[in-house]
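**Student:** Could you have a look at this structure, given as structure tokens, before my questions?
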Amino acid sequence: MEVRIDTAACVGHGVCEALAPHIFEVDDQDKARLVAETLEEADRGDLENAVNQCPEQALRLIG
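Each position in the sequence shown, counted from 1, maps to that position plus 26 in the numbering used here.
Have a look at this one:
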């Protein structure tokens, strides 16, 4: 399982960070980034929620 972040589309709303702070954070350039070193199957629900709730559709879950 992998998450791709479209940094051109991301404007730093922080929805992903609010929904899954153990996986995402918004940096000082207002771009989402992964903070989790590995993604576990147990994270799938949080990841799917963050992907589906991203207002800019900047997140994509693969696998």
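Note that the Cβ used here is the ideal one computed from N, Cα and C, for glycine as well.
1. Going straight from the alpha carbon of L87 to that of V52, what length do you get?
2. L73 and A46 look like a contact to me (Cβ under 8 Å); what is the Cβ gap, rounded to whole Å?
3. Residues in the same chain with beta-carbon distance under 7 Å from Q79, minus the five sequence neighbours each way, listed in chain order, please.
4. Starting from the Cα of D54, find the closest Cα among H39, M27, A68, H48 and give me that residue.
5. Taking the alpha carbon of A58 as the point to measure from, which residue in A84, M27, L65 has its own alpha carbon closest?
**Tutor:** The answer reads as follows:
1. 18 Å
2. Distance from L73 to A46 at the Cβ level is roughly 7 Å; contact confirmed, criterion being Cβ atoms closer than 8 Å.
3. V41, L45
4. H39
5. Answer by Cα proximity: A84.
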